[in-house]
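Just so you know, we're using this note's numbering here: the sequence shown kicks off at 23 and counts up by one. In this text, a Cβ means the ideal position worked out from N, Cα and C, and glycines have one as well. What follows is one structure encoded as structure tokens, with my remarks underneath.
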Amino acid sequence: QLQSLDGQAVSLGDFRGKPVLLNFWASWCGPCRAEMPFLQEIFENKEWLDKGLVILTIDIGESPSVVKEFMENYDLSFPALLDTDRDVALDYNIRAIPTTFFIDKDGIIQDIKVGAFSSKTEIEKRLIKIIP
């Protein structure tokens, strides 16, 4: 379980039955910062949300105040979860950030992208693998 910025406990299991885009990042990571606008565009796209897509981002190793300030500075409104002790990053074997998992409604990882996305279209091409 992870905590959201508003203090709620969140578990990936809570989203079983829905396709999930799961993105690991940190505010000090340049490539992570570069792809954030594309993730925000997907989050704001009603078409994807109507198909049940859940976007979860997991900040690795930073304090809530750092993450909150980053989200505000970049005008990001998608959910940011806190992996302050890096346990979830270890569970997912994260070796580099950003790393994004595309998980289908049955909880099966269908695709993994290590490195930053260069466009919204690049993300959408992978979303098709988890949203029929």
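Measuring only the C-alpha atoms, how far is residue i from residue j?
i, j, result
"Ile145", "Phe60", "8 Å"
"Gln30", "Lys40", "19 Å"
"Thr122", "Tyr114", "10 Å"
"Trp50", "Ile119", "10 Å"
"Thr106", "Asn95", "20 Å"
"Val89", "Pro154", "33 Å"
"Ile80", "Glu69", "23 Å"
"Ser87", "Leu34", "23 Å"
"Leu44", "Phe92", "18 Å"
"Ser85", "Gly74", "30 Å"
"Phe139", "Arg55", "11 Å"
"Ile150", "Gln132", "10 Å"
"Lys127", "Ile152", "7 Å"
So who's on the other strand from residue i, going by DSSP bridges?
i, result
"Thr122", "Asn45 and Lys135"
"Ala31", "Gln25"
"Ile82", "Asp105"
Can you tell me whether residue i is helix, strand or coil according to DSSP?
i, result
"Ser87", "helix"
"Gln25", "strand"
"Leu61", "helix"
"Ile77", "strand"
"Lys127", "coil"
"Gly39", "coil"
Along the chain, where does the beta strand (DSSP E) that runs through residue i open and close?
i, result
"Asp105", "Ala102 to Asp105"
Considering only the alpha carbon of each residue, which of the options lies closest to residue i?
i, options, result
"Phe65", "Val136, Ile116, Lys142 and Arg148", "Lys142"
"Gly83", "Met93, Glu63 and Leu104", "Leu104"
"Gly137", "Ile125, Ala111, Asp28 and Arg117", "Arg117"
"Val42", "Ala102, Leu78 and Glu57", "Leu78"
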